[in-house]
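**Student:** Once you've had a glance at the structure underneath, I'll fire off some questions.
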Amino acid sequence: MTATLTEVDKGRPTAGPPRAARRTWQGRRLAPYLFVLPAVALFATFKLYPIGWSFVLSLHKTVDGVDTFVGADNYTRLLDDPLFWTALKNTAIILVVQVPLMLALATGLAVALNSTLLHGRSVFRLGFFMPMVTGLVAYGIIFSVLLNKEYGLVNWLLSGIGLDAVPWLTDPLWAKLSLGLALTWHYTGYNAVILLARLQTIPGELYDAASVDGAGAWASFRHVTLPGLRPALLLTTVLSTIGTLQIFDEPYILTGGGPDNATLTIGVYLYQNAFTYFDFGYASAIAYALAVLIGILGVIQFRVLGDKS
9 MTATLTEVDK
19 GRPTAGPPRA
29 ARRTWQGRRL
39 APYLFVLPAV
49 ALFATFKLYP
59 IGWSFVLSLH
69 KTVDGVDTFV
79 GADNYTRLLD
89 DPLFWTALKN
99 TAIILVVQVP
109 LMLALATGLA
119 VALNSTLLHG
129 RSVFRLGFFM
139 PMVTGLVAYG
149 IIFSVLLNKE
159 YGLVNWLLSG
169 IGLDAVPWLT
179 DPLWAKLSLG
189 LALTWHYTGY
199 NAVILLARLQ
209 TIPGELYDAA
219 SVDGAGAWAS
229 FRHVTLPGLR
239 PALLLTTVLS
249 TIGTLQIFDE
259 PYILTGGGPD
269 NATLTIGVYL
279 YQNAFTYFDF
289 GYASAIAYAL
299 AVLIGILGVI
309 QFRVLGDKS
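9 is the number of the first residue of the sequence shown in the working numbering; add one for each residue after it.
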C-alpha cells in the first residue's frame, strides 16, 4: 500500500519550492515599478495630461460657445499679432540687458564672498540669498510700494536731497528699469550662491601656478576663475533664460504689463488671453511657441557655453 501511494505521488507535478522562488523573483522585479507608480501617476495626471490637452486646445477655437477645430490658425495668428511681438520684444530686452548684468553682478559677488579677506562670509551669503526665499507676490508688492510715485519711500528719499519724484511705474522707460531692478535684487544672490559653490571647487594650486607665472589678479580671474566657472555659468545662464522668458509675477504685480504695454511680457500676455479673454486656444498656442523658443535658446546656449573638449 505504501509503495503504491509513493508511485502515485511521483506522477504528480511538483508545486513546491521552485514555484515559490519564481513568485518571489517576479515580486522583486515588480517592486521598483510599484514604488515609482504613485510618482508616475501624479506626473501623468498633473504634467503630461495638461501638456497634451494644452496642445489639443491650441488647435481649437471657441466659436459661439462651441470648440471648433481650426488646425494651425492660432499659430499663424501669432505672426500677425502686434501685441505678441510687443510682448516678445519686451521679454527679449529683459533677457539681453538684465540677465547679463545680473550674472555679472552675481559673478563678482561670488568672487567677493569667496575671498579670505572677507570676515563673516556666512552672514553675507545668507543675506544675499535671502531675497530668493521671499515670495514673488510679496516682494512684488514691496517694490510697488517702494517705487510708488506719490508716497513711495524711494521718491521720499530723493525729495530729501532735492530731486524731483521719478515716475518709476507710470513711465514706459522707468517702468522697464524698475522691473529690471526688482529682478536683479531678487535673483542675483541666488545665482551668486550657485557660482560660489562652483568657485570653491577650483583647486588653489591653479592660482598658485598662475601667480608663479606672473599673472596678476585680472589675469588669474580671466584664465583660471572664468574657465573654472564655465559649468556654473552655463547652468545659471540657462536657468535665467528660462525664468526670464516665463516671467509673469513681477510685471503683473508691479505694472500689470503697462504703462502702454511697456512691460507686457509673453507670460502676462498669455495670462490675459487665457483668463481675461478666455481664449484658451490662442493662449495655448502662445505657450507652445514659448516652449519652442526656450528649447531653441537652450540648444544655442549649450553649443556656445558648453564644454567643447
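All C-beta atoms, glycine included, are put in the ideal place defined by N, C-alpha and C.
For T273, collect the residues of the same chain with a Cβ closer than 8 Å to its Cβ; drop the 5 residues on either side in sequence, then sort them by chain order.
**Tutor:** Result list for T273: A95, N98, T99, I102, I255, F256, P259, G265, in chain order.
**Student:** By DSSP, does F288 sit in helix, in strand, or in coil?
**Tutor:** It is helical.
**Student:** According to DSSP, what are the bridge partners of T244?
**Tutor:** DSSP output for T244 lists no bridge partner at all.
**Student:** Given a cut-off of 8 Å on the beta-carbon distance, is the pair Q309 and T244 in contact?
**Tutor:** The answer is no: Cβ separation not under 8 Å.
**Student:** Where do the N-terminal and C-terminal ends of the alpha helix (DSSP H) with K97 fall, by residue?
**Tutor:** Segment 90–101, the alpha helix (DSSP H) holding K97.
**Student:** Quick check: the stretch 156–164 against the stretch 221–235, are there 3 or more CB pairs under 8 Å?
**Tutor:** These segments do not touch.
**Student:** Output the distance between the C-alpha atoms of T142 and R31, rounded to the nearest integer angstrom.
**Tutor:** Whole-angstrom Cα-Cα distance: 52 Å.
**Student:** Apart from the five residues just before and just after H68, which ones in its own chain have a Cβ nearer than 7 Å to its Cβ?
**Tutor:** The residues are D75, T76, F77, V78, G289.
**Student:** Tell me V141's beta-bridge partners as DSSP assigns them.
**Tutor:** In DSSP, V141 forms no bridge with anything.
**Student:** By the 10 Å Cβ neighbour count, where 16 or more other Cβ atoms means buried, how is Y198 classified, buried or exposed?
**Tutor:** With 16 or more other Cβ atoms within 10 Å, it is buried.
**Student:** Buried or exposed for T84, please, with buried defined as at least 16 other CB atoms from any protein chain shown within 10 angstroms of its CB.
**Tutor:** When all chains shown are included, T84 counts as exposed.
**Student:** Just how far apart, CA to CA, sit A205 and A190?
**Tutor:** Answer to the nearest angstrom: the Cα atoms are 24 Å apart.
**Student:** Can you have a look at M138 and say buried or exposed, based on whether 16 or more other CB atoms are within 10 angstroms of its CB?
**Tutor:** Per the 10 Å Cβ criterion, exposed.
**Student:** Roughly how many whole angstroms lie between the Cα atoms of L165 and P175?
**Tutor:** Each residue's Cα considered, the two are about 14 Å apart.
**Student:** Rounded to whole angstroms, what's the CA-CA distance from R36 to L45? Just pull it up for me.
**Tutor:** Roughly 15 Å separates the two Cα atoms.
**Student:** From which residue to which residue does the beta strand (DSSP E) around H68 run?
**Tutor:** Where H68 is concerned, the enclosing beta strand (DSSP E) stretches over 68–71.
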